[in-house]
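Asker: Starting off with a structure, shown below.
Residue numbers (our numbering): 14 to 600.
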């Protein structure tokens, strides 16, 4: 509402200005805005662009003028006009290129979800419903990204504007930013006009797009391998050996500046920023953001936040309790001089508290992830058996009853719960929805949503379950390939970390010991050849670097291997615990 009010203000205000482009009707740019899903004519968008730029220019000039009046000097007098010009030009360019950026973003989203959307359309077509009903069903599902928006416009044109199916699909071809989606719609139209089998076309296209998606994901794995190699080289190996070189040169006075500043800069600024950058890069490569709207799961009873996450909250609560007890105990130990206080002990308290927090949570996440993966791996078998039972003439109820007697690993327990629900005469849609809620898996959520839509549209067709089993089998295959590829890089990360710790032990027992002994005996008699370095400060600076490296390397290594941050916490916990043992016990 606020944006609409602001846009209306800009358009109304610009109507009183002599803007030449208001008189032009640029059809090309109107199409550009339509592809970007921006509900404005180009003239109106141009008005908002001009007025917004003028407002930013006035505000920037006013702010910089006030600052100059408060702090008058030559430097602000020169730099403020330059900053004003840069801000104004940037604002103009943001409006200028925003439609293109939005179009590219929409295209990537549609292309990513298209194979699964076509498989969904193919599944719905097997229930012998009309094309309008298929697109209406697609328009109500958020499981397929921005394809939902494209389907909504198609349905709106047919139902509200009275446009026939073919014309609405042709309009969608002109409007869509995705060439793949345009090609699919063009084939859809051609099949309808030729009177050919729509189910045959959809089956072929579903297979084609799923195979294409498989090839694209394999290319993404190759890109992920390159990113992993770069990560190991730039963020793991290079900082480790850089720190060793800096310390060794600092002892001989060959290093400019304090080595501690360099180490702390690496530990708390450079490394965290590097981890965040690689996390974003890896996340972009994985393309696994397939979450759906929880409302679509058909939740039977709305649960509170606590009931949904009570296990995690309980673990976090226990961890915080132990951390509080630990910090309180240390406070009293320092206060009553049971332990002599030193500023460096803050490192130990912070690091131990962090491990106490992520330790139990990482174990819980690992167990949940392991259970979820096993269920996802066995879910296609359940779907295939359901399809086979339906093919033999059984009902969906009987098929679930037969499946409950099978062996699907940890999924068996959930299927038996479905059978119990059946005995209470709970509707089959609610039974599948309850299964989705219990499993908490985005891929299975989408599969069950499709099953429920298929049951609602036309009953339980065996081909629906078999088609969906192929979809999730492909996802499992990609996950297995990624796990295999990334396990090698995870081992390299752990080996690099282990080599660093081994080198630190060797240096501490040989070179560092020699330097520190020489410092004590010579007391600077060699005129700066051996620089005096605080042993405790060096110890804790290296300890901080190693601990941060352990947490970050574990998180990113686990993320590359498992595709999620939470399961990777176990590697962070293990490496952090090892680094603490090495530095506080062996060194």
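Each residue gets a CB set at the ideal place from its N, CA and C atoms; glycine is no exception.
None of these values were measured; they are calculated from a predicted model.
Do the CB positions of residue 26 and residue 64 come within less than 8 Å of each other?
Answerer: For residue 26 and residue 64, yes; Cβs fall inside 8 Å.
Asker: For the region 226-241 against the region 486-493, do three or more pairs of beta-carbon atoms, one drawn from each stretch, fall closer than 8 Å, so that the two count as touching?
Answerer: They touch, by the three-pair rule.
Asker: Considering only the alpha carbon of each residue, which of 501, 370, 354 lies closest to residue 327?
Answerer: It is 370.
Asker: Threshold first: 4 residues or longer. Then list the alpha helix (DSSP H) segments lying entirely within the region 53-94, N to C.
Answerer: Within the region 53-94, the complete alpha helix (DSSP H) runs of at least 4 residues are 55-83.
Asker: When the Cα atoms are used, what is the spatial distance from residue 483 to residue 504?
Answerer: About 32 Å.
Asker: Tell me whether the beta-carbon of residue 582 lies closer than 8 Å to the beta-carbon of residue 374.
Answerer: Yes, the pair counts as a contact, with Cβ atoms nearer than the cut-off.
Asker: Output the distance between the C-alpha atoms of residue 572 and residue 578, rounded to the nearest integer angstrom.
Answerer: Rounded to whole angstroms, residue 572 to residue 578 spans 5 Å at the Cα level.
Asker: With a Cβ-Cβ cutoff of 8 Å, do residue 131 and residue 207 count as a contact?
Answerer: Cβ atoms of residue 131 and residue 207: not closer than 8 Å.
Asker: Between which residues of its own chain and residue 463 is the CB-CB distance below 7 Å, once the five residues before and five after are set aside?
Answerer: Closer than 7 Å at the Cβ level, and outside the excluded window around residue 463, lie 133, 136, 481.
Asker: Could you check whether residue 416 and residue 395 sit closer than 8 Å to each other, using their CB atoms as the reference points?
Answerer: Yes, Cβ-Cβ distance for residue 395 and residue 416 is below 8 Å.
Asker: State the CB to CB distance for the pair residue 567 and residue 588, rounded to an integer number of angstroms; the pair is presumed to be in contact (CB under 8 Å).
Answerer: So it is a contact: roughly 5 Å between Cβ atoms.
Asker: Since residue 391 and residue 422 should fall inside the 8 Å C-beta cutoff, what is the C-beta to C-beta distance between them, to a whole number of angstroms?
Answerer: The Cβ separation is near 5 Å, so the contact holds.
Asker: Provide the residue span of the alpha helix (DSSP H) that contains residue 190, from first to last.
Answerer: Looking at the DSSP string, residue 190 is not in any alpha helix (DSSP H), and its letter there is neither H nor E.
Asker: Can you list, in chain order, the stretches of the alpha helix (DSSP H) that have 4 or more residues and sit fully within the region 322-362?
Answerer: Whole alpha helix (DSSP H) segments, 4+ residues: 323-348.
Asker: Going by C-alpha to C-alpha distance, which of 443, 277, 351 sits closest to residue 560?
Answerer: It is 277 whose Cα lies nearest to the Cα of residue 560.
Asker: Could you spell out the range, first to last residue, of the alpha helix (DSSP H) harbouring residue 453?
Answerer: Unbroken run through residue 453: none, as it is neither H nor E.
Asker: First and last residue of the alpha helix (DSSP H) that includes residue 49?
Answerer: Run containing residue 49: none; DSSP gives neither H nor E here.
Asker: Apply the 10 Å Cβ neighbour rule to residue 526 and answer buried if 16 or more other Cβ atoms are within range, or exposed otherwise.
Answerer: Classification for residue 526: exposed.
Asker: Would you call the CB atoms of residue 196 and residue 214 closer than 8 Å?
Answerer: The answer is no: Cβ separation not under 8 Å.
Asker: Would you mind stating whether residue 476 and residue 42 have Cβ atoms separated by less than 8 Å?
Answerer: Going by C-beta atoms, residue 476 is not nearer than 8 Å to residue 42.
Asker: Report back the beta-carbon spacing between residue 596 and residue 372 to the nearest angstrom; my notes put them in contact at under 8 Å.
Answerer: 18 Å between Cβ atoms; not a contact.
Asker: Is residue 105 helix, strand or coil by DSSP?
Answerer: In this structure, residue 105 counts as helix in the three-state DSSP scheme.
Asker: Which of the three DSSP states, helix, strand or coil, is assigned to residue 410?
Answerer: Reduced to three states, the DSSP call for residue 410 is helix.
Asker: Apart from the five residues on each side of it in sequence, which residues of its chain come closer than 7 Å, Cβ to Cβ, to residue 222?
Answerer: Here the set comprises 127, 128, 131.
Asker: When DSSP labels each residue in this structure, what does residue 580 get in the three-state scheme?
Answerer: In the structure shown, residue 580 sits in a helix (DSSP, three-state: H, G or I).
Asker: Could you tell me if residue 409 is buried or exposed, where buried requires 16 or more neighbouring beta carbons within 10 angstroms of its beta carbon?
Answerer: By the neighbour-count rule (16 or more Cβ atoms within 10 Å), residue 409 is buried.
Asker: Measure the alpha-carbon distance for residue 351 versus residue 366 and round it to whole angstroms.
Answerer: Approximately 20 Å, taken between the alpha carbons.
Asker: Would you tell me roughly how many angstroms separate the C-alpha atoms of residue 332 and residue 553, rounded to the nearest one?
Answerer: In a straight line, the C-alpha of residue 332 is about 25 Å away from that of residue 553.
Asker: Determine, using beta carbons only, whether residue 46 and residue 58 come nearer to each other than 8 Å.
Answerer: It is a contact, given that the beta carbons lie within the stated cut-off.
Asker: Would residue 550 and residue 273 qualify as a contact pair, given that the criterion is a beta-carbon distance under 8 Å?
Answerer: Taking 8 Å as the Cβ cut-off, residue 550 and residue 273 qualify as a contacting pair.
Asker: Would you say residue 502 and residue 164 are within 8 Å of each other, going by their C-beta atoms?
Answerer: Against a cut-off of 8 Å, the Cβ pair of residue 164 and residue 502 comes out as no contact.
Asker: At the level of alpha carbons, what is the spacing between residue 515 and residue 285?
Answerer: Taking the straight line joining both Cα atoms gives about 24 Å.
Asker: Using a Cβ-Cβ cut-off of 6 Å (strictly less than) and excluding sequence neighbours within five positions of residue 382, which residues of its own chain qualify?
Answerer: Only 580 meet the Cβ criterion.
Asker: May I ask whether a heavy atom of the ligand NAP can be found less than 7 Å away from the beta carbon of residue 392?
Answerer: This structure simply doesn't include the ligand NAP, nor any ligand for that matter.
Asker: Is residue 338 near residue 362, with beta carbons less than 8 Å apart?
Answerer: No; because the gap between Cβ atoms is not below 8 Å, this pair is not in contact.
Asker: Less than 8 Å between the CB atoms is what I'm expecting for residue 298 and residue 217, so what's the real figure, rounded?
Answerer: Their Cβ separation, rounded to whole angstroms, is 29 Å, which puts residue 298 and residue 217 out of contact at 8 Å.
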